[in-house]
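To keep things clear, I will list the structure first and then write my remarks on it.
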Amino acid sequence: MPKSDTLKKRFHPDTVRWRAAMAAAAVSGAFCLVVSSLLIVNYLQVSAATPLENPELLALRAKLGELPAEDPALVAQIRAMDLLARRAFFTSQEMLRTGGLLLLAGAVALVIALRLAARWKPQLPAPDPEAGEDGYWLVRARTRELLMFFGAVWLVVALGAAVFTPLDFPAAALGGQGHGQTRTGTDGPVSAAVGEGRDTVPAGGEGQEADPAAAAAAAPSPVTVPGWDEVRRQWPNFRGPGGIGVAFHTNAPVTWNAETGENIRWKTEVPLPGFNSPVVWGNRVFLSGSDAETREVYCFDADSGELLWRHPVADLPGFTGKIPEFQEETGFAAPTMAAQGDRVFAIFATGDLVCLDHGGKMLWGKNLGVPDNHYAHSSSLIVYEDLLLVQYDQKKDGKIIALHIGDGREVWTVPRERISWASPVCVETPLGWQLVVNSIKDVDAYNPRTGQALWKLKCLDGEVAPSPAYGAGIFFVANEYATATAIRVGGTAESPEPEALWEFDEILPDVSSPLVTEKHAYLTTFRGEIACLDPATGEVRWVQELDEGFRASPILVGDRIYLMDAAGKMLIFKDASEFELVGEPALGEEAAATPAFLDGRIYIRTLGHLVCIAGQ
2 MPKSDTLKKR
12 FHPDTVRWRA
22 AMAAAAVSGA
32 FCLVVSSLLI
42 VNYLQVSAAT
52 PLENPELLAL
62 RAKLGELPAE
72 DPALVAQIRA
82 MDLLARRAFF
92 TSQEMLRTGG
102 LLLLAGAVAL
112 VIALRLAARW
122 KPQLPAPDPE
132 AGEDGYWLVR
142 ARTRELLMFF
152 GAVWLVVALG
162 AAVFTPLDFP
172 AAALGGQGHG
182 QTRTGTDGPV
192 SAAVGEGRDT
202 VPAGGEGQEA
212 DPAAAAAAAP
222 SPVTVPGWDE
232 VRRQWPNFRG
242 PGGIGVAFHT
252 NAPVTWNAET
262 GENIRWKTEV
272 PLPGFNSPVV
282 WGNRVFLSGS
292 DAETREVYCF
302 DADSGELLWR
312 HPVADLPGFT
322 GKIPEFQEET
332 GFAAPTMAAQ
342 GDRVFAIFAT
352 GDLVCLDHGG
362 KMLWGKNLGV
372 PDNHYAHSSS
382 LIVYEDLLLV
392 QYDQKKDGKI
402 IALHIGDGRE
412 VWTVPRERIS
422 WASPVCVETP
432 LGWQLVVNSI
442 KDVDAYNPRT
452 GQALWKLKCL
462 DGEVAPSPAY
472 GAGIFFVANE
482 YATATAIRVG
492 GTAESPEPEA
502 LWEFDEILPD
512 VSSPLVTEKH
522 AYLTTFRGEI
532 ACLDPATGEV
542 RWVQELDEGF
552 RASPILVGDR
562 IYLMDAAGKM
572 LIFKDASEFE
582 LVGEPALGEE
592 AAATPAFLDG
602 RIYIRTLGHL
612 VCIAGQ
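Under our numbering, the first residue of the sequence shown is numbered 2, with each subsequent residue one higher.
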């Protein structure tokens, strides 16, 4: 019998599974080859790309800078080209992210297919020594080894390209602070920015402990900084000067009537929703609003309520197009703005941060990155002298950032160990100025000029939204499912020593922030409870239970406390050891924001309107 017939009788393997595995390996390998090649090409293109240095775009910007007045057509052309460059860059980024995932999936499929093919490979009979085919099998084996080697090298190169492809969109270097335009619409002028602001230069490293020497060495652009006497006459941030809920002016109205119009000076619709509170500087009232598509800053005339301008915030340096999921508790515009002199600042849940002048022109702006925050970003802004202080909390890599108000330059940054949804306070204490912030476990204090950590006290728990309070020489913090704690800080300015004076755990806030006056400490809840305590001992003075709960925070105006409930009714009572009701005027609209109190006026944001209350 011929030798070939003998082999056929001895070898009848079932090769279906092996052939299927080899086919899958071939398809996976080809897929990986294509994807990896595209990733390498993408790396070469992105590395060489300078989207904002397009000669035509630079020429148009230079031409705009030379014009005595802005040309609307030229402004529109620049914005269109700039937007096209950004979209192209972000498309490359999206390709990188998607390609990396596809390459990983293809590599996993290839490895699995090869392992199965090796397992199911038919076991061929040993070749006849007389056949003389040793060289043939040796060549095939070495060929397979070389193919696998070069495939592995190509895969490593592609992964390296994915890792090292630049992910940050280059900031525009405009040589100035950008141009803006204002267009008039049915709801008021709309301000649109052309420039994206200047690049920012950190005084320390990103996420590094602040270096006081580096912060002092930074030389930001000079700006005119109003003194504290001027600041406290305004309503520059959440809960007023310093963020502690104490108004400088003491003559706020105590009666008004939404039905008859009594003491209602004006009422204006706010275009987009937001839980942020009004900020007032001079004769301007500022708010922000946002939905999933649009983020805007609004400026109203404080005397008439006219919407003077609205500034859309979009396409800032660093913005990737990612929008966080909508959170009913916070929305997209929960943080209250801040004002300092002729500048106002706004931040949104997307991480967009802008600085505008009172005319609606954007002076600088940037995107800080979408925070990894399951309730969305809600910490409000506050300004210390020439520094904008941003409490940028998230699940990890949270930080506090100090930016120079002149050009947005980073002066210092300090890492945050834990998250919160509270807002900072910045107050002058016997030991000097302190920036105090809450987290889900601690109360932390920093030097607002340098970022140096001053003290820390572990006394909180839960998902902390209420902000710290300060008065009567103590800091007062509280949160639901934790305790209310009065903190006295002793020691020296160089070595402060925090001490928990007392704790209280019966009536605790979930949203509304506490208040401390020289006489009493107050806690309010969304269940409708108000507790008045002795700030020195924590002894309960009185407790009042009401039908409506509170999201807004209490404000001390002279010897009266103003507290807006969720239904839009203002509870006004004496700062006294017994509950003494002064009035409870209502607007008839739901409200969650804390009002602003100026000389003889109250500015209230409801869910749909901005209202000015003014006495006769």
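Every residue gets a Cβ at the ideal spot worked out from N, C-alpha and C, and that includes glycine.
None of these values were measured; they are calculated from a predicted model.
If you compare the alpha carbons of N284, A483, D373 with that of P325, the shortest gap goes to D373. Of the residues V444, G452, E57, the one whose Cα lies closest to the Cα of I401 is G452. Counting C-beta pairs closer than 8 Å gives fewer than three between the segment 258 to 265 and the segment 315 to 334, which falls short of the contact rule. In the three-state scheme derived from DSSP, where H, G and I count as helix and E and B as strand, F349 is classed as coil. About 7 Å separates the beta carbons of A377 and A335, which is inside the 8 Å limit, making them a contact pair. Per DSSP, E530 is one residue of the beta strand (DSSP E) stretching across 530 to 534.
At the C-beta level, L557 and A248 come within 9 Å of one another.
Taking 9 Å as the cut-off, the beta carbon of P416 is found closer than this to the beta carbon of D398. Boundaries of the beta strand (DSSP E) around W413: 411 to 417. About 5 Å separates the Cβ atoms of V465 and N439, confirming a contact at the 8 Å cut-off. In summary, W236 is buried, with 16 or more beta-carbon neighbours lying within 10 Å of its beta-carbon over all protein chains present.
Rounded to the nearest angstrom, the gap between the Cα atoms of A577 and F333 is 38 Å. Nearest to S513 by C-alpha distance, out of L102, S468, W121, is S468.
The residue from E495, A501, S496, E481 with its alpha-carbon nearest to that of R489 is A501. Look at W267 here: in three-state DSSP terms it is strand. The three-state secondary structure of C33, taken from DSSP, is helix.
Unbroken beta strand (DSSP E) runs of no fewer than 3 residues, entirely contained in the segment 308 to 352, are found at 308 to 313, 339 to 341, 344 to 348, following chain order. Under the DSSP assignment, V512 falls outside any beta strand (DSSP E); it carries neither an H nor an E label. With the rule of 3 Cβ pairs closer than 8 Å, the segment 292 to 312 does not count as touching the segment 380 to 399. Excluding five sequence positions before and after D230, none of the CB atoms of its chain fall closer than 8 Å to its own CB.
Residue environment for D600: exposed (fewer than 16 other C-beta atoms within 10 angstroms of its C-beta).
Short of 7 Å from the beta carbon of V255, and not among the five residues preceding or following it, lie these beta carbons of its own chain, in chain order: I573, V583, G584.
Its Cα nearest to that of L611, the residue S305 stands out among Q435, S305, L317. Under the three-state reduction of DSSP output, L390 falls in the strand class. Secondary-structure assignment with DSSP links P499 through a beta bridge to V490. Selection Q545, D445, S554 evaluated against G569 yields S554 as nearest (Cα-Cα). If you look at W229, you'll find it in the alpha helix (DSSP H) that goes 229 to 232. In this structure, the beta-carbon distance from G559 to T251 falls below 9 Å. Counting only the Cα atoms, A567 lies some 14 Å from N277. Cβ contact annotation for I614 (same chain, cutoff 6 Å, sequence separation greater than five): P254, W257, N264, I603, in chain order.
M363 is not a Cβ neighbour of V280, given a cutoff of 9 Å.
Note on P431: under 16 other CB atoms within 10 angstroms of its CB, so exposed under the neighbour-count rule. In the DSSP assignment, H610 falls within the beta strand (DSSP E) that extends over 610 to 615. In the structure shown, A446 adopts extended strand secondary structure according to DSSP, grouped into three states.
M571 is the residue among T538, P536, M571 whose C-alpha sits nearest the C-alpha of D548.
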